[in-house]
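Peer 1:
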């Protein structure tokens, strides 16, 4: 029994070993191939982001030409200041007034003759001196800025006395009537005196007599009888001078006169850079004339010639249908010191502005003239020393437009690097681009790959360009619904291999506004283009193909 | 070599060290030994078992030398096989390899388990108070876990709308010394009980304490959910942290790193990492021909306290792509710069979830095993047995069934043939023998030695139990109706 059992076991073991010898080659690891290959795929989100129109505009607006209205509507504007004049160049106010009066032998009046030594006898005299501007200008009042009032008094009377000079039309800084006294204390007949008053803050209110403005000065000489006689040549001479006058304000009437005669031009580079934009039809293109006046005189502005000139030399003259010349409002007496801003819109309703845009102008030349008081009938004018009249022109294109097709093209540097994409590993990539477009513009995009000579070697998107649908807008052209699009682009290994040669990418976009360009659309700064890129990639990694 | 590579290499060295501590032999309990007559160390499987002698003394290291390497899903032929057209071998990763066939073999959670045990001292002796055993064993328990979805992710890639459940991924590596004292006693003529108490001294450990990880991939989003925690006790290394709390360097004991002899002994019987465990067993013979038995091994734990470090990685991360503002790009900040910058930020962000905590303690239970067996004695020399073995691993429960035929000729030779169903593999044919020449006892047993001979490419596990003892006071087996059972 033992022997049988023992032999049975030995038999089994020997049989197993014999069988095992048949499998031995399966364990000969020196025959094992070291080649390893993995073929796998990978899905992954790549990048995502959002671009706001306002941010895009800010980035590309190197010329600082894009702005936005309070509601966020973006507009393109090119501005130029046409006229800027100060009050002191409008009206010439005399800086010196002089009047001289004499109190002489007229004093030998019975009262003096009957007086006894020691008696005081008053003598009165008034003098009007004119305060005139030019032409038919009229000055009602002036608030004096700087200067002096100089009184030179000389008396040859051999009497003492008191000379009082006053004017109810001259007010000092305290708004008190101007009055001053000169003590004549010299009996020798050689009395002289000079008084100087700083006139800053003084005001003068004129009286109009026969279309001439006058200021009246009053003189009172209290002569104390010294017992000496009065010779026929005795006189008290008073020279009144207003020197170095300037003014804070002048009230009155400034007669109509030509003040403005300017010419110049405004550059409009947008059309030079993108002539295709001439195909855009803008809903509300404008030339805005901005005025700012703190001069209390109405103006009338005339644009003698506004001519648009394109790069090809073609020109188009702006014709006004209505409202021209333009009367510029001025602050009234209730708003002295304030500035009245006014805006005049020259648009396609009031002019042939669309015809100017149609030639894709690169410059807009102009000649502007202006005159005061275009016959408003109001003769209450004023000027302040700070009064200014400013006239500016703005060529303005609100991004409210429609187009059945315009194109933009831009070339960027793009280098993957000398190593390119490792096509020994990456065999195919499918990039999915999902966009959520709030822009009411359908974009047909193609990206070309260029070599170092800027020669096109391939396009990113096979066949037709990818299309990003336009958002939906209401009748006012305002966004109602963004549009989401997903485009899948396949990059086979052949195309991935070309990336090594790429030095530039040329981006081309053909754009059509919503509803095939049949509706005006507005572009607001908060419109965004959200994008999301994800990838499906096929890899094949073979150990023998790796470097 | 950069810092991370340096740390990685040292970490790898540390892991390797734990694994190498298993030398000189790979060993683990096999099932065939359960019913194997004439093997003194069979009481390792069932503490109630009393060897058929008065005294045995195991040869150091060889009493026993045991090895097992197993996978619950993969065999050699799933990884390496003949080229379909050429005279060469290829792996499943070869262009002509069948990756899908490889994936088909995988279970939701796969493991590679290796246990290593070497007994330095193994002594047993019989007294009136019962049979006593004393063993000193160095053990290394190793288990690597990888989910099926990890292989799917690596081999097929990240698919649209796929969720890859990577729960359970990780490794558990423990090296420890076991000092055990066993006692078996016959309470009744037909009832034996046994118990073995064990003191455990941890040498080193790396344990995946929590492993919840999933990755969902799509073109829209990648979602990563992670709740991972790894604890380690590395008494033979100094882990240096930087100001940010990240590991800056791992300095392995120089003597260990230079593999100097006698470097290891200072890490054995490390009271800093102590634990306790117990084995229990019962043999019951309701009738003379039938023996029923139950044993549970490794009921216990080790409390790891020495040079403990904890790493956690808890996060819920949604990756929806790199946010790009094209308007920020310029000549000074190109797209390439942006990608570099963003990936760097993303890497930092992902790394920020990784937290290291030095110090602390953790407990880790041993992989408990439960045996339930029955054997029927046709004659005193021949019996047939069936055995159920359940392994309670950290992440899984592993079940095996073994049937065996056991023969004894008396003292000289004992034989066993076994069949085991394990890891969904049905062709496990095992055999074992035990010889006694004078006091010298020699045995070699395996659960799958025969299929290793007949179908070696299909084997999902290999185990071998080899031992050499000096046996004294050998008892002749009794008649079937005698006092002692044949195999216990």
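Chains as they are written, first to last, in the numbering used here: chain W, 13 to 559; chain Y, 1143 to 1630. Note that CB positions come from ideal geometry on N, CA and C, so glycine has one too.
1. Using a Cβ-Cβ cut-off of 8 Å, state whether residue 1541 of chain Y counts as contacting chain W.
2. Taking DSSP as the reference, what is the three-state secondary structure of residue 1607 of chain Y?
3. Does DSSP put residue 421 of chain W in a helix, a strand or coil?
4. Relative to the C-alpha of residue 132 of chain W, which candidate in W:237, W:222 and W:435 has its C-alpha closest?
5. Find the residues of chain W that neighbour residue 1360 of chain Y, judging by a C-beta separation of less than 7 Å, and give them in chain order.
6. Is the Cβ of residue 145 of chain W closer than 8 Å to any Cβ of chain Y?
7. What does the Cβ neighbour count give for residue 507 of chain W, buried or exposed, with the cut at 16 atoms within 10 Å?
8. Classify residue 1518 of chain Y: buried if its beta carbon has 16 or more other beta carbons within 10 angstroms, exposed otherwise.
9. Give, in chain order, every residue of the segment 538-551 of chain W whose Cβ lies closer than 9 Å to some Cβ of chain Y.
10. So, does the CB of residue 1452 of chain Y fall closer than 8 Å to a CB anywhere in chain W?
11. When you compare the CB of residue 516 of chain W with every CB in chain Y, is at least one pair closer than 8 Å?
12. Just checking: is the beta-carbon of residue 1620 of chain Y within a distance shorter than 8 Å of some beta-carbon in chain W?
13. Return the bridge partner residues of residue 1417 of chain Y from the DSSP annotation.
14. In or out: residue 466 of chain W buried (at least 16 other Cβ within 10 Å) or exposed?
15. Count the other C-beta atoms from every protein chain shown that fall within 10 angstroms of the C-beta of residue 1287 of chain Y, then say buried if there are 16 or more, exposed otherwise.
16. Excluding the 5 residues preceding and the 5 following residue 1239 of chain Y in the sequence, name in chain order all residues of the same chain whose CB lies nearer than 7 Å to its CB.
17. Determine the burial state of residue 81 of chain W: buried for a count of at least 16 other Cβ atoms within 10 Å of its Cβ, exposed for fewer.
18. Under a CB-based cut-off of 8 Å, is residue 47 of chain W close to chain Y?
19. What did DSSP end up calling residue 532 of chain W once you bin it into helix, strand or coil?
20. Quick check: is the beta carbon of residue 1129 of chain Y nearer than 8 Å to any beta carbon in chain W?
21. Have a look at residue 302 of chain W and residue 157 of chain W and give me their C-alpha separation to the nearest angstrom.
22. So, at 8 Å on beta carbons, what are the nonlocal neighbours of residue 53 of chain W in its own chain, with the 5 sequence-adjacent residues on each side left out?
23. Helix, strand or coil: how does DSSP classify residue 1602 of chain Y here?
24. Quick one: what's residue 1324 of chain Y bridged to in DSSP?
25. Just confirm the distance between the C-beta atoms of residue 1182 of chain Y and residue 1195 of chain Y, as a whole number of angstroms; I'd bet it's less than 8 Å.
26. Find the nearest neighbour of residue 521 of chain W within the set W:289, W:256 and W:166, judged by alpha-carbon distance.
27. Quick one: give me the first and last residue of the alpha helix (DSSP H) that residue 1514 of chain Y is part of.
28. Along the segment 1598-1613 of chain Y, what residues have a CB closer than 7 Å to any CB found in chain W?
29. Mind checking residue 1300 of chain Y: buried by the 16 CB within 10 Å criterion, or exposed?
30. To the nearest angstrom, report how far apart residue 309 of chain W and residue 256 of chain W are at their CA atoms.
31. At the 8 Å Cβ level, is residue 17 of chain W part of the contact set with chain Y, yes or no?
32. Rounded to whole angstroms, what is the Cα-Cα separation between residue 410 of chain W and residue 70 of chain W?
33. So, with DSSP's three-state summary, where would you put residue 1632 of chain Y?
34. Is the shortest distance between the beta-carbon of residue 1363 of chain Y and the beta-carbons of chain W less than 8 Å?
35. DSSP three-state label for residue 1364 of chain Y, please.
36. Would residue 1443 of chain Y and residue 1417 of chain Y qualify as a contact pair, given that the criterion is a beta-carbon distance under 8 Å?
Peer 2: The relevant details are as follows:
1. no
2. The answer is strand: DSSP assigns residue 1607 of chain Y an E or B state.
3. strand
4. W:237
5. Here the neighbours are 55.
6. no
7. buried
8. exposed
9. 543, 544, 545, 546, 547, 548, 549, 550 and 551
10. False, the Cβ-Cβ gap to chain W never drops below 8 Å.
11. It does not; no Cβ of chain Y falls within 8 Å.
12. Any answer about residue 1620 of chain Y is weak, because its pLDDT of 46 lies below 50 and its placement is not dependable; what the coordinates show is given next. No, because no Cβ of chain W sits closer than 8 Å to the Cβ of residue 1620 of chain Y.
13. Per DSSP, Y:1342 and Y:1444.
14. exposed
15. Counting of Cβ neighbours within 10 angstroms places residue 1287 of chain Y among the buried residues, the total reaching 16 or more.
16. 1232 and 1233
17. exposed
18. yes
19. coil
20. Here chain Y has residues from 1143 to 1630 only, and residue 1129 of chain Y is not among them.
21. Their Cα atoms are separated by approximately 31 Å.
22. 548, 549, 550 and 551
23. coil
24. Y:1275 and Y:1338
25. 7 Å
26. Closest option to residue 521 of chain W, Cα to Cα, is W:289.
27. Counting along the chain, residue 1514 of chain Y falls outside any alpha helix (DSSP H), though it belongs to the beta strand (DSSP E) covering 1510-1521.
28. 1598 and 1599
29. Its Cβ being crowded by 16 or more others within 10 Å, residue 1300 of chain Y is buried.
30. 25 Å
31. Low confidence applies to residue 17 of chain W: its pLDDT is 49, below 50, so where it sits in the model is not reliable, and the reading given next is rough at best. Taking 8 Å as the threshold, the shortest C-beta distance from residue 17 of chain W to chain Y falls below it.
32. 16 Å
33. Because residue 1632 of chain Y is not part of the residues shown, which for chain Y are 1143 to 1630, the question remains open.
34. Judged by the 8 Å Cβ criterion, residue 1363 of chain Y is in contact with chain W.
35. strand
36. yes
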